[in-house]
Amino acid sequence: MSTRTMDVPALVEQARAGRPRAVARLISLVEGASPQLREVMAALAPLSGNAYVVGLTGSPGVGKSTTTSALVTAYRKLGKRVGVLAVDPSSPFSGGALLGDRVRMQEHSGDSGVYIRSMATRGHLGGLAWAAPQAIRVLDGAAGCDVILVETVGVGQSEVEIAAQADTSVVLLAPGMGDGIQAAKAGILEIGDVYVVNKADRDGAESTARELNHMLGLGESREPGDWRPPIVKTVASKGEGIDEMAEALEKHRAWMEERGVLSARRRKRAAGEVESIALTALRERIGDLHGDQRLDALAGRIVAGELDPYAAADELVEGLTNGGTADRA
0 MSTRTMDVPA
10 LVEQARAGRP
20 RAVARLISLV
30 EGASPQLREV
40 MAALAPLSGN
50 AYVVGLTGSP
60 GVGKSTTTSA
70 LVTAYRKLGK
80 RVGVLAVDPS
90 SPFSGGALLG
100 DRVRMQEHSG
110 DSGVYIRSMA
120 TRGHLGGLAW
130 AAPQAIRVLD
140 GAAGCDVILV
150 ETVGVGQSEV
160 EIAAQADTSV
170 VLLAPGMGDG
180 IQAAKAGILE
190 IGDVYVVNKA
200 DRDGAESTAR
210 ELNHMLGLGE
220 SREPGDWRPP
230 IVKTVASKGE
240 GIDEMAEALE
250 KHRAWMEERG
260 VLSARRRKRA
270 AGEVESIALT
280 ALRERIGDLH
290 GDQRLDALAG
300 RIVAGELDPY
310 AAADELVEGL
320 TNGGTADRA
């Protein structure tokens, strides 16, 4: 891997001037966990926070990529600059991804107002690449996107992670695929802000919508004025119902802004990102201890019955945190 140092301020300036290659390089720094990642995030911090992030999730075969592409078209008609993160399935060993979503969105390839990036999950649970939060910040602050669509891997029950990364979560279903039952199992009824029954020209679309509406009503305990997720029927391959879907998204955004929900979600997202970075740093420090005398000594005391694993872990954490403070002093 190249160790060449990038001129981060110049890259950010070029990206904001509309140069897609600069955006690509910034996201590559994110994906590669570059030592310059801190510099990138510091440069983008005052520029970010303007984009509306929409997550699209659902089982394989419901038409997520086609719907995403149609939604891009709808937002472009409104003059919005759009970014797309298509998170593809990948091997946890090689990190390679199919990147098929980018192929299916070729119709937007010549549009300078659209930036599409495929990212590999690298085996990460939840359908999102570990670098997705930082990549979203690049599309927001550097590329100047008004709307960012995050399309996740359709892996069923681990899809709920999208709710932690998006302002609005869209759950797609399709008739004849058992999606109603799958929705109940996956817990996605708790994360959806807008539900879309795609391929609505197929038999069973009405019954799928009815079943979904019934399931959303079960155990409902909403207060007056609370958001009730709408169900929109679309035929994304023909562009039918996409304007209604975009309208539902804008209504949800307006509702969140009016009630302070949007800022609360973004604060929670930022807190989760900080926690993730901190835990990663701690894991790396613990990983460095393998073969270290401190860890070996603690293990020996456990085997000898002098110490239990919880007490040993407490001692290890205390040593790491106190040691870290001492190192910085």
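Sequential numbering of the sequence shown, starting at 0, is according to numbering that gives the first Met the number 0. Each residue gets a CB set at the ideal place from its N, CA and C atoms; glycine is no exception.
Same chain, Cβ closer than 7 Å to residue i, five either side skipped, listed in chain order
i	result
Met5	Arg24, Leu28 and Gln35
Coil, strand or helix - residue i by DSSP
i	result
Thr56	strand
Ile190	coil
Ala16	coil
Glu150	strand
Lys232	strand
Ser168	strand
Leu77	coil
Residue i versus residue j: straight-line alpha-carbon distance, rounded
i	j	result
Ala199	Glu256	31 Å
Gly203	Ser68	24 Å
Arg209	Asp145	34 Å
Gly240	Ala16	34 Å
Ala163	Glu30	19 Å
Gly175	Leu211	13 Å
Ser275	Pro132	11 Å
Burial state of residue i, where buried means 16 or more other Cβ atoms lie within 10 Å
i	result
Pro8	exposed
Arg116	buried
Val81	buried
Arg136	buried
Leu278	exposed
Ala96	Model confidence at Ala96 stands at a pLDDT of 37, short of 50, so the residue's coordinates are unreliable; what they give is reported in the following sentence. Looking at its Cβ environment, which holds 16 or more other Cβ atoms inside 10 Å, Ala96 is buried.
Glu150	buried
His251	buried
Cβ shell of residue i (< 6 Å), same chain only, five flanking positions each side left out
i	result
Glu38	Val7
Trp226	Trp254
Leu334	Because the chain here runs from 0 to 328, residue 334 falls outside it and cannot be looked at.
Val11	Ala42 and Ala141
Beta-bridge pairing of residue i - partner residues as DSSP gives them
i	result
Tyr114	Gly82
Tyr51	Val146
Val196	Leu172 and Lys232
Glu317	Beta-bridge pairing links Glu317 to no other residue.
Glu239	Val234
Heavy atom of the ligand MN within 7 Å of residue i beta-carbon
i	result
Val81	The ligand MN is absent from the structure shown, which contains no ligand whatsoever.
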